[in-house]
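Have a look at the structure below, then the notes.
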Amino acid sequence: GGSPVASQESAESLQTNAEIALYAAKRAGGHQARMFDIALHQHALERAQILTDARTGVEKDQFELYYQPILNLATGRCDQIEALLRWHHPQRGLLAAESFHDVFLDAALAQAMSPRLVKAFQNDMRLWNTTLDAYPNLTINLSRLDLLNIGFQNDLEAEIRRQGSKASDYVLEVSESVLAGRRSDRVLLRLQELAAMGFQLTLDDFGLATLPISALREIRFTQAKISRRLVGAIEHDLQARDVIAHLCGLAHAFGLSVTVSGVETKGQMDVLRTIGVDRIQGFYISPPISAANLVLAEHIFAPDHTEITLQAS
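The sequence shown: position 298 = 298 (my numbering), numbered continuously.
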């Protein structure tokens, strides 16, 4: 029974639900079957909504670059800063990249965003050039799409030349999972090209993925970054401390300097200093701040009031 129109609608709805379940099963990995459920449907709707919001957000310039200082433990100076994307969402407020990084897996959105990012870097670099005596190496996190997007790289390179700075003043950061993922051969090739241009390269999330050690020989990484996920317990957990010490030793064996992110206490900093970590980043040093505030904070003070100075390396 029922009208043909109603049955057609329910058939389309079933088809959509099946596609959502299939997508979720694929993301979960392996040959899993995933029953469609309300939570899954809700997640898909939220993802579609945030993607729609992001397209509007890019058009309306709701995205802004913030910068987080990185402290060199040997010199006591911040010789690097990491550019981090923030979204001034009209309903949800200021969002950190972790809450929306998925949206830039959409190729069209990433493509629309690229020139705006380069423009933002251009404006910020100009601001620093005219107001700071010297500024630190700039760390830029590349997603897989950025790595495969020649246009983005060419624009960035041209902008760096226009500013009169060198590729070696920039640190390009790429996650281990990107190197272990699909199209990894092309990504490796691209990274080799970027290293040949003179960019410093950081391997992010070091030790969290299944990257073959041989990749450390194939690509001229200059740094490894250890994730905040491994830091939380190091003050009182010997095993957590050992894990970081071993990762640090492995990176140093390949000639890489080591940065640990997510450092929130003096105790964590002291442990990492003892282990022999080269740099630390996190709220203990400074939260991410806008380019204008970075200028105001040319002299940043850590919470224990030891002076930390922004400077060029």
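Positions of the beta carbon are idealized from the N, C-alpha and C atoms, including for glycine.
Member of the options whose CA lies at the smallest distance from the CA of residue i
i      : options                           : result
Leu201 : Gln192, Leu208 and Gly207         : Gln192
Ser143 : Arg190, Leu211, Asn129 and Leu94  : Arg190
Ile160 : Asn137, Leu179 and Val178         : Asn137
Thr178 : Ala209, Ser165 and Ala195         : Looking at the sequence provided, one finds Val at residue 178 rather than Thr. Minimum Cα distance to Val178 is reached at Ala209.
Leu194 : Ile150, Asp124 and Ser165         : Ile150
Val58  : Lys119, Asn129, Thr259 and Val260 : Lys119
Arg228 : Phe254, Gln268 and Leu211         : Gln268
Ser261 : Ala245, Ile244, Gln281 and Val243 : Gln281
Three-way DSSP call (helix, strand, coil) for residue i in this model
i      : result
Val211 : This sequence places Leu at residue 211; Val is not what is there. Three-state result, Leu211: coil.
Phe63  : strand
Lys166 : coil
His89  : strand
Leu117 : helix
Ala233 : coil
Val263 : coil
Ala74  : coil
Leu94  : strand
Thr228 : The sequence given here has Arg at residue 228, not Thr. It is helical.
Thr222 : coil
Leu256 : coil
Asp79  : strand
Gly103 : With the sequence shown as reference, residue 103 is identified as Val, and Gly is not the correct amino acid for it. Looking at Val103 - three-state DSSP - the assignment turns out to be helix.
Asn123 : helix
His31  : At His31, the pLDDT of 49 sits below 50, so the modelled position is not reliable; the number obtained from the coordinates is stated separately. Reduced to three states, the DSSP call for His31 is coil.
Asp155 : helix
Arg217 : helix
Asn149 : coil
Arg273 : helix
Asp204 : strand
Arg190 : helix
Arg241 : helix
Neighbourhood of residue i by C-beta distance below 6 Å, restricted to the same chain and skipping five residues each side
i      : result
Glu173 : Thr139, Asn141, Thr202 and Asp204
Ala240 : Ala233 and Ile234
Beta-carbon proximity list for residue i, same chain, < 8 Å, skipping 5 on both sides
i      : result
Phe199 : Ala167, Ser168, Tyr170, Val171 and Leu172
Leu51  : Val103, Asp106 and Leu109
Leu127 : Ala291, Ala292 and Val295
Arg162 : Gln122
Phe273 : The residue you asked about is not Phe; residue 273 is Arg in the sequence shown. Leu73, listed in sequence order.
Met197 : Glu157 and Ala167
Leu148 : Arg183, Arg186, Val187 and Arg190
Arg47  : Asp102
Leu211 : Glu176, Leu179, Ala180 and Leu203
Cα-Cα separation between residue i and residue j, rounded to whole angstroms
i      : j      : result
Arg77  : Ala97  : 26 Å
Arg183 : Ser175 : 14 Å
Ala224 : Ala251 : 7 Å
Ala312 : Ala44  : Bear in mind that a pLDDT of 44 at Ala312, under 50, signals an unreliable position, so the number given afterwards is only what the model happens to contain. For Ala312 and Ala44, the distance between alpha carbons rounds to 45 Å.
Thr131 : Val231 : 35 Å
Asp53  : Leu256 : 40 Å
Leu216 : Thr222 : 10 Å
Asp278 : Thr75  : 10 Å
Ile219 : Gln91  : 43 Å
Ala180 : Thr259 : 21 Å
Ile213 : Gly93  : 41 Å
Ile81  : Leu95  : 19 Å
Asp146 : Ala83  : 15 Å
Leu71  : Ser165 : 22 Å
Asp237 : Ala245 : 13 Å
Lys266 : Asp79  : 19 Å
Same chain only: Cβ atoms within 7 Å of residue i, ignoring 5 sequence neighbours per side
i      : result
Val271 : Ile234, Glu235 and Arg241
Phe283 : Glu264
Phe206 : Glu176, Ala224, Lys225, Ile226, Leu247 and Ala251
Gly276 : Cys248
Arg55  : Leu109
Phe100 : Ile50, Ala54 and Trp87
Asp124 : Leu65 and Ala291
Phe254 : Leu216
Val243 : Leu230
Task: Three-pair Cβ contact test at 8 Å for the segment 77 to 93 versus the segment 55 to 64 - done: yes
Open item on the list: Whether or not the segment 111 to 128 and the segment 146 to 157 are in contact is what I'm after, with contact meaning three or more pairs of Cβ atoms, one per stretch, closer than 8 Å; do they touch?
Closed with: yes
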